[in-house]
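Below you'll find the structure, written out as structure tokens, and then a few comments.
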């Protein structure tokens with residue numbers, strides 16, 4: 015068995031369904047091994063799209079997406095998509111081809127130090143060699159991508175290593191590795207739960223980590239919010255973790271958010287932030303939420319706790335597990351504080367009513383020509399059912415959609431998040447529809463972003479993947495035009 019065949023067989027055993035990419039001279043052995051594999055390869059029109067598709071696959075399934083590119087330009091074309099996964103904390107496995115080890119450093123065709131390029135935007139970047147236990151490397155890459163702070167991993171495959179013979183004893187086709195959980199500080203959980211119960215104006219902020227916690231922690235978020243009568247706001251990446259038509263929904267925080275969300279976030283006296291790092295977009299450059307509020311910060315990544323807001327109680331661990339412990343502790347309390355929060359819940363509803371009566375909101379009913387983006391978003395939400403999956407591009411189109419298209423179900427808001435590259439929506443939609451063929455998938459993008467991935471319509475046709483694309487066409491790069499006219 016060749017090393018490259020062992021790589022593919024290990025990926026099969028790990029449950030990999032699809033690989034997104036474009037073959038090149040340095041990945042031909044890898045593609046030869048895929049011919050006899052159960053893994054389906056999706057041939058894209060640009061490697062950047064392959065990385066976007068792998069990112070969206072991970073976001074819609076919670077499992078690592080896989081993409082590949084040949085050496086040199088194929089590898090560099092992957093960079094923007096991989097950087098997106100890095101900033102969004104998305105588990106992705108990236109393979110790149112490479113010239114033979116014996117030719118590196120001698121001016122080989124398309125030679126480039128891929129590891130130096132990928133290292134800053136991946137959890138690990140490794141070049142395989144004949145002396146390594148290859149199946150162990152692949153399994154470890156899978157584990158690293160999902161364990162702790164999720165993120166992309168990179169594996170560079172020199173040509174001569176790909177075709178080298180594998181030692182029989184190196185074949186280790188086990189199931190996916192078990193992801194160990196860190197020990198939870200139960201006393202901190204107990205204190206946090208009591209603090210929430212004694213609060214008059216508590217708020218839960220659900221971040222993107224909710225979607226990657228086990229099979230997702232949205233059930234626990236909703237259960238805790240309802241049991242203790244606590245409003246829930248989400249970050250951009252956290253959308254879908256709590257239904258936005260729920261009476262306890264406080265909307266989506268950050269840039270271009272609804273006024274009622276700002277009112278609630280600025281007035282909360284105790285905040286439980288789960289899977290949230292308080293990034294710039296979701297806090298409008300750290301101007302919200304209330305900096306004087308008592309903060310209970312829950313995250314699997316210790317480095318984000320206290321990074322932007324000082325935490326009174328820090329709990330490191332898996333969101334789903336910690337929220338379950340909090341529910342258990344809440345059930346032991348004689349008073350969860352519901353009675354003292356009647357004024358707070360009334361404030362939330364009154365703030366929503368002020369938003370609904372605002373001139374800004376009223377534009378969803380505008381008959382102006384050209385159509386107001388608020389009206390377009392209103393019609394999109396009205397037409398498509400609750401389970402519709404929306405993929406978002408970068409720019410004004412995403413800001414309008416994030417404010418005026420309510421999201422009701424988990425993993426139905428798939429976006430490019432903190433890195434904000436243009437051209438994401440269409441490749442992401444193709445990936446989501448591939449995984450969820452029975453669901454409606456709608457890509458929302460501006461004309462600028464659509465042109466950046468227009469070529470992937472050919473991929474959609476080639477693979478018979480029907481997606482809907484809504485283009486907000488203002489004939490400009492809208493965000494930039496807006497800033498230049500200020």
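In our numbering, the protein residues as written are 15 to 500. C-beta: ideal position from N, C-alpha, C; glycine also. Since this is a predicted model, take the numbers as computed values, not measurements.
Inter-residue Cα distance where the pair is residue 471 and residue 430: 19 angstroms
Among 78, 420, 93, the one whose alpha carbon lies nearest that of residue 84: 93
Check whether residue 15 and residue 180 have beta carbons under 8 angstroms apart: yes
Distance between beta carbons of residue 148 and residue 142, contact taken as under 8 angstroms: Indeed, because the Cβ distance is near 6 angstroms, the residues count as touching under 8 angstroms.
Residue 105 and residue 78 closer than 8 angstroms at C-beta: Taking 8 angstroms as the Cβ cut-off, residue 105 and residue 78 qualify as a contacting pair.
Own chain, CB closer than 6 angstroms to residue 97, minus 5 neighbours either side, in chain order: 135, 433
From 346, 411, 61, residue whose alpha carbon lies closest to that of residue 496: 411
Residues that DSSP places opposite residue 171 in a beta bridge: 111
Residues bridged to residue 39 (per DSSP): Partner(s): none; residue 39 has no beta bridge.
Close beta carbons around residue 343, own chain, < 7 angstroms, minus the five adjacent residues each side: 203, 204, 207
Closest residue to residue 138 among 167, 43, 367, 265 (Cα-Cα distance): In terms of CA proximity to residue 138, 167 leads the group 167, 43, 367, 265.
Separation of residue 241 from residue 64, as counted between CA atoms: Distance between the alpha carbons of residue 64 and residue 241 is about 42 angstroms.
Beta-carbon spacing of residue 247, residue 275 below 8 angstroms: Yes, the pair counts as a contact, with Cβ atoms nearer than the cut-off.
Straight-line Cα distance separating residue 70 from residue 57: So the two alpha carbons sit approximately 16 angstroms from each other.
Delimiting residues of the alpha helix (DSSP H) encompassing residue 139: No alpha helix (DSSP H) holds residue 139; the beta strand (DSSP E) holding it covers 138-141.
Segment limits, alpha helix (DSSP H) that includes residue 280: 273-281
Reference residue 225, options 212, 250, 201, 244, closest by Cα: 250
Euclidean distance between Cα positions of residue 311 and residue 438: Residue 311 and residue 438 have their alpha carbons spaced roughly 31 angstroms apart.
Touching by the beta-carbon criterion (3+ pairs, under 8 angstroms), the region 461-479 and the region 392-409: yes
Coarse secondary structure for residue 359, derived from DSSP in three states: helix
Three-state secondary structure assigned by DSSP to residue 177: coil
The region 208-223 touching the region 282-299, judged by at least three CB pairs closer than 8 angstroms: yes
Residues near residue 325 by beta carbon distance below 6 angstroms, same chain, minus five either side: Beyond the five residues adjoining it in sequence on each side, residue 325 comes within less than 6 angstroms, by CB distance, of 309, 311, 319 in the same chain, given in chain order.
Boundaries of the beta strand (DSSP E) in which residue 216 is found, first to last residue: 216-220
Where residue 460 sits in the DSSP three-state scheme: strand
Cross-strand partners of residue 164 (DSSP beta bridge): For residue 164, which the question treats as bridged, DSSP gives no partner whatsoever.
Any 3 or more C-beta pairs closer than 8 angstroms across the region 439-454 and the region 108-123: no
Neighbour-count burial assignment, residue 66, 16 or more Cβ in a 10 Å radius: buried
One or two residues paired with residue 404 in a DSSP bridge: The partner list for residue 404 (beta bridge, DSSP) reads 427, 456.
Start-to-end residues for the alpha helix (DSSP H) that takes in residue 334: 333-346
Close-in-space but distant-in-sequence residues of the same chain around residue 259 (CB under 7 angstroms, 5 per side omitted): 420, 422
Classification of residue 49 by the beta-carbon crowding that lies within 10 angstroms, buried from 16 upward: exposed
CA nearest to the CA of residue 454, picked from 54, 479, 212, 264: 479
Rounded separation between residue 350 and residue 262 - CA only: One C-alpha to the other measures close to 16 angstroms.
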